[in-house]
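What follows is a single structure, written as structure tokens, with notes after it.
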Amino acid sequence: MKLKTALLGAAACLMVAPAAFAERGSDGEVRILYSQAVSTMNAYLSSGTKDVEVGSLVLEPLAGFNEKGEVIPRLVTEIPSLENGGLTEDMTSITWKIKPGLKWSDGTDFTAHDAVFTAQYCMDPAGGCAQLARYEGIDKVEALDDLTVKITFHEPKPNPFMAFVGSQSPILQAAQFAGCLGANASSCTDQNFKPIGTGPFRVTEFRTNDTVMLEANPYYRDPAKPAFATALVKGGGDATAAARAVMETGEFDYAWNTQISPELQAELASAGKGQFVNAFGTLVERIEMNMTDPSPSLPEGERSTPKHPHPILSDMRVRKALSMAIDRQILVDIGYGEAGRPTCNLVPAPEMYASDNTDCLVQDMEGAKALLEEAGWTDTDGDGIRDKDGEKLSLLYQTSVNAIRQDFQAIIKQWWNEIGVEVELKTVDPSVFFGGDAGSPDTFQKFYADVEMYANNFDGTDPEPYLAQYTCDKAPTPESQWQGENINRFCDPEYDALIKELSATGDMEARAALAKRLNDMLTKDSYVIVPIVDRGRLSAHSNTLGGVILNTWDSELWNASDWYRIK
Amino acid sequence: MTETTTAIRPPRNQWWDVWDQFKTHKGALVGLTIFLTILLGITIGPFLWDLAPTYVDLRARNQGFSLAHPLGTDQLGRDLLARMMAGGKVSLSVGLTAMALAVSLGTTIGVLAGYFKRLEGPLMRLTDLFLALPLLPLLLLMVTLFREPLSQRFGPEGGIFLLIVTAIGATSWMQTARIVRGEVLALKEREFVLAARSIGTPARRMVLRHILPNVMSPIMVSATLGIATAIITESALSFLGLGFPPDFPTWGRLLFDAVDQIQLYPMRVVLPGIAISLTVLSVNYIGDGLRDALDPRIRGR
Numbered sequence: 066m067k068l069k070t071a072l073l074g075a076a077a078c079l080m081v082a083p084a085a086f087a088e089r090g091s092d093g094e095v096r097i098l099y100s101q102a103v104s105t106m107n108a109y110l111s112s113g114t115k116d117v118e119v120g121s122l123v124l125e126p127l128a129g130f131n132e133k134g135e136v137i138p139r140l141v142t143e144i145p146s147l148e149n150g151g152l153t154e155d156m157t158s159i160t161w162k163i164k165p166g167l168k169w170s171d172g173t174d175f176t177a178h179d180a181v182f183t184a185q186y187c188m189d190p191a192g193g194c195a196q197l198a199r200y201e202g203i204d205k206v207e208a209l210d211d212l213t214v215k216i217t218f219h220e221p222k223p224n225p226f227m228a229f230v231g232s233q234s235p236i237l238q239a240a241q242f243a244g245c246l247g248a249n250a251s252s253c254t255d256q257n258f259k260p261i262g263t264g265p266f267r268v269t270e271f272r273t274n275d276t277v278m279l280e281a282n283p284y285y286r287d288p289a290k291p292a293f294a295t296a297l298v299k300g301g302g303d304a305t306a307a308a309r310a311v312m313e314t315g316e317f318d319y320a321w322n323t324q325i326s327p328e329l330q331a332e333l334a335s336a337g338k339g340q341f342v343n344a345f346g347t348l349v350e351r352i353e354m355n356m357t358d359p360s361p362s363l364p365e366g367e368r369s370t371p372k373h374p375h376p377i378l379s380d381m382r383v384r385k386a387l388s389m390a391i392d393r394q395i396l397v398d399i400g401y402g403e404a405g406r407p408t409c410n411l412v413p414a415p416e417m418y419a420s421d422n423t424d425c426l427v428q429d430m431e432g433a434k435a436l437l438e439e440a441g442w443t444d445t446d447g448d449g450i451r452d453k454d455g456e457k458l459s460l461l462y463q464t465s466v467n468a469i470r471q472d473f474q475a476i477i478k479q480w481w482n483e484i485g486v487e488v489e490l491k492t493v494d495p496s497v498f499f500g501g502d503a504g505s506p507d508t509f510q511k512f513y514a515d516v517e518m519y520a521n522n523f524d525g526t527d528p529e530p531y532l533a534q535y536t537c538d539k540a541p542t543p544e545s546q547w548q549g550e551n552i553n554r555f556c557d558p559e560y561d562a563l564i565k566e567l568s569a570t571g572d573m574e575a576r577a578a579l580a581k582r583l584n585d586m587l588t589k590d591s592y593v594i595v596p597i598v599d600r601g602r603l604s605a606h607s608n609t610l611g612g613v614i615l616n617t618w619d620s621e622l623w624n625a626s627d628w629y630r631i632k
Numbered sequence: 164m165t166e167t168t169t170a171i172r173p174p175r176n177q178w179w180d181v182w183d184q185f186k187t188h189k190g191a192l193v194g195l196t197i198f199l200t201i202l203l204g205i206t207i208g209p210f211l212w213d214l215a216p217t218y219v220d221l222r223a224r225n226q227g228f229s230l231a232h233p234l235g236t237d238q239l240g241r242d243l244l245a246r247m248m249a250g251g252k253v254s255l256s257v258g259l260t261a262m263a264l265a266v267s268l269g270t271t272i273g274v275l276a277g278y279f280k281r282l283e284g285p286l287m288r289l290t291d292l293f294l295a296l297p298l299l300p301l302l303l304l305m306v307t308l309f310r311e312p313l314s315q316r317f318g319p320e321g322g323i324f325l326l327i328v329t330a331i332g333a334t335s336w337m338q339t340a341r342i343v344r345g346e347v348l349a350l351k352e353r354e355f356v357l358a359a360r361s362i363g364t365p366a367r368r369m370v371l372r373h374i375l376p377n378v379m380s381p382i383m384v385s386a387t388l389g390i391a392t393a394i395i396t397e398s399a400l401s402f403l404g405l406g407f408p409p410d411f412p413t414w415g416r417l418l419f420d421a422v423d424q425i426q427l428y429p430m431r432v433v434l435p436g437i438a439i440s441l442t443v444l445s446v447n448y449i450g451d452g453l454r455d456a457l458d459p460r461i462r463g464r
């Protein structure tokens, strides 16, 4: 008897002990700096990353992504799978089981009806929901009981983890947002600025485009978290100022997206007040080759259309030679430092989808020259520029105005000059270049140049929609008002067939193998797309802030409930 | 006899008088010297220092002052001295040409509006119209419409040069026009103009002989200010990607490119900054001296 009580006492002590180390609100205030100011807490009304991420401190989805891109449960007991019955063989539905006993930050119960309401809120045609893409293909969302949500799709969906997954589709409280459906969505200022959520914090004061003050949510599901009693999110400034505020002056604990030059990174890191953290997602800086002729001598409406193949770049040997002349490591060192790494892949992540394609990483000038000779481009008149049939090997290389891109242009131009290619550079204001205006000749879709450089990525962890951009029918043409994602006008029936196969494949491993194959067809098998740098996320946090794990698949503040003060 | 020979000086070109007066203005002399030095450095310099301004040398990045690179190198190892000289050539030619265009346009319109009553209404409304035009969208439009045809006609550099000079000239003549018109209106009522008219001087000669020389000083002042504005406008345009291609250094572009590294490599901002300031200042002083020298009332005092 005595032994039993003693053991019980010891067990009780052990259970109390961890709670004594980490207690809710014991670590004071955490100060977060976003170089773009927050304008709303409601992710459904803004596509801005800053709004979605700061909103994620308060509003949570049913499931999120971890730093490896895997789906992890947040408000549910487990991730639906075929084994646990959450997914069905025919891929047309998904069933989520909500954790029992969850409470909103006002103390009321969290139920499946809130999720049903959220879907209704975003899918309302009059609402203009910014995250509608995540609810695409949904037939109906229903609450089977208070703790079970079932989503049914119109047709088989190989990747059902879209709605209610990730910080872009959090759950709203039905009671609070009941009057905000459809056209009323944006006029519900109070609701959008101070939403009731299930996250670790709740808003106490919201100053639009300036500061958000938050306090620990007293009803948060883990009684020991968050460690911070209050949080302050300040907006404004630029990446350099944000990095300084954390790394040099120590005014803030965390700075979001501190993309600064490698030299400055090194200087700030030596100040010793904080550190940079990086993580790599899917953002790839690449050179796109134009497969069609952009020559201004062609009549308007036929330039850069599949009617006229490119006179120089249609030959794969030229494209390969251009890629071989680039030393990607040097470009990373000059432009990105910690925030980049060389890559040959269009889909560099998640790991299961990344091809083992590394051939392009070594610069080979002699090989490039030999390849051009082989393709018939020789310097017959001795002016240093190769020519063939009286035509010079001359390319127009365009990109948007951006200090790093202009540096890259200068270096790559020199490498290409060395292998006998004449290069004319052009820069376009980013708002015009990416603006998509069908009337402007300078958009990246119109591609009135031979090669162009920019970065692109895909949302979430599934590369299918991204790879599907390169089918023949997606090439921008005058008929489509120059809209379309197949910027290169790449067209290969085999590729189109593989994309069809991918959309009908449910097995993850088979999908990964197909995605790798498609990636290789665009990169190392054809050099239509020449990836250069895999651009990561670079943020900074103070040395006294613990628990930070940078995540490129979800909100950067995804685990703010685990953050603590190192004393 | 001897008395008369000393009293009557031998006939002398009036520009010598202007030069004599100009010489007495110390600031103007210093300005002229600096300006000529810059001009010489830009025109002759590249023959003495034959490193290419766009040559990227990745082994010599971010270097300080040395014998191999007297002004150091930038983040890509490009020689800054060569870039400064190449940049100055573009910046100065844009500045001077655009200023000449703006001033001649502004003076013509100002004089016509001030002298001929019938033209005043339409011309000044035109000036107001141009003043009210938002500059940047207008430039954007001009670049979008004319960049390609001009590039094909005159090559990528020549085409852009023409476009930028015209764009800056066509959008900065209004102040000159207004100032000149005001001066002309006041001069028109003066006795010497009345006297000239009474002996039947035709309008053309009246403007060229009697009005223009007297409005020379405000024109000079706005011309010198115009050079500075033109250099700076060109920088802004290049910065927005509307100006010269990126491998074409200008002082403004050098300055903008270096702003990011102002703390690590301050000299990269300071050098083009000094070059722009020195040019603008010296041109201002030259203008000041010229104004005094050209004004017959001040001359000889």
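Those protein sequence lines, which keep their order, are chains H and U. Residue numbers for the first sequence follow my numbering, beginning at 66 and rising by one. Residue numbers for the second sequence follow my numbering, beginning at 164 and rising by one. Think of the CB as a built atom: it goes at the ideal place given N, C-alpha and C, for glycine as much as any other residue.
Listed by chain order, chain U residues near residue i by CB distance under 7 Å
i	result
K491 of chain H	P408
Q479 of chain H	V219
Straight-line Cα distance separating residue j from residue i
i	j	result
A336 of chain H	M312 of chain H	7 Å
D494 of chain H	A503 of chain H	16 Å
A228 of chain H	L140 of chain H	14 Å
P371 of chain H	P596 of chain H	23 Å
A391 of chain U	P409 of chain U	22 Å
A468 of chain H	L434 of chain U	19 Å
V306 of chain U	L388 of chain U	25 Å
M66 of chain H	D92 of chain H	Per-residue confidence for M66 of chain H stands at a pLDDT of 46, beneath the threshold of 50, marking its modelled position as unreliable; the derived number appears in the next sentence. Answer to the nearest angstrom: the Cα atoms are 41 Å apart.
A152 of chain U	L298 of chain U	Residue coverage of chain U in this structure runs from 164 to 464, which leaves residue 152 of chain U outside it and unanswerable.
K478 of chain H	P412 of chain U	15 Å
R630 of chain H	E397 of chain U	50 Å
F130 of chain H	P415 of chain H	12 Å
F228 of chain U	D423 of chain U	20 Å
D213 of chain U	E311 of chain U	31 Å
L79 of chain H	N282 of chain H	Per-residue confidence for L79 of chain H stands at a pLDDT of 46, beneath the threshold of 50, marking its modelled position as unreliable; no derived number is given.
I203 of chain H	P190 of chain H	14 Å
F271 of chain H	F499 of chain H	32 Å
DSSP three-state assignment for residue i, whether helix, strand or coil
i	result
H232 of chain U	coil
L167 of chain H	coil
W480 of chain H	helix
T295 of chain H	strand
G227 of chain U	coil
G262 of chain H	coil
R267 of chain H	strand
R581 of chain H	Residue 581 of chain H is actually Lys in this sequence, not Arg. K581 of chain H: helix per DSSP, three-state reduction.
E439 of chain H	helix
P223 of chain H	coil
G389 of chain U	helix
N608 of chain H	coil
R406 of chain H	strand
G300 of chain H	strand
Listed by chain order, chain H residues near residue i by CB distance under 8 Å
i	result
D420 of chain U	A468 and Q471
V397 of chain U	The residue asked about is misnamed: residue 397 of chain U is Glu in this sequence, not Val. Near E397 of chain U there are no residues of chain H at all, since even the closest Cβ is about 15 Å away, more than 8 Å.
Exposure of residue i, with buried meaning 16 or more beta-carbon neighbours within 10 Å
i	result
T270 of chain U	buried
R241 of chain U	buried
W442 of chain H	buried
E125 of chain H	buried
I614 of chain H	exposed
Contact set between residue i and chain H, taken where Cβ atoms lie within less than 7 Å
i	result
D423 of chain U	S326 and A468
L427 of chain U	E328, L329 and E332
Closer than 8 Å at the beta carbon, the chain U residues around residue i
i	result
Q474 of chain H	P409 and D410
Interface residues of chain U facing residue i [CB-CB closer than 9 Å]
i	result
I399 of chain H	L221, R224, Q238 and L239
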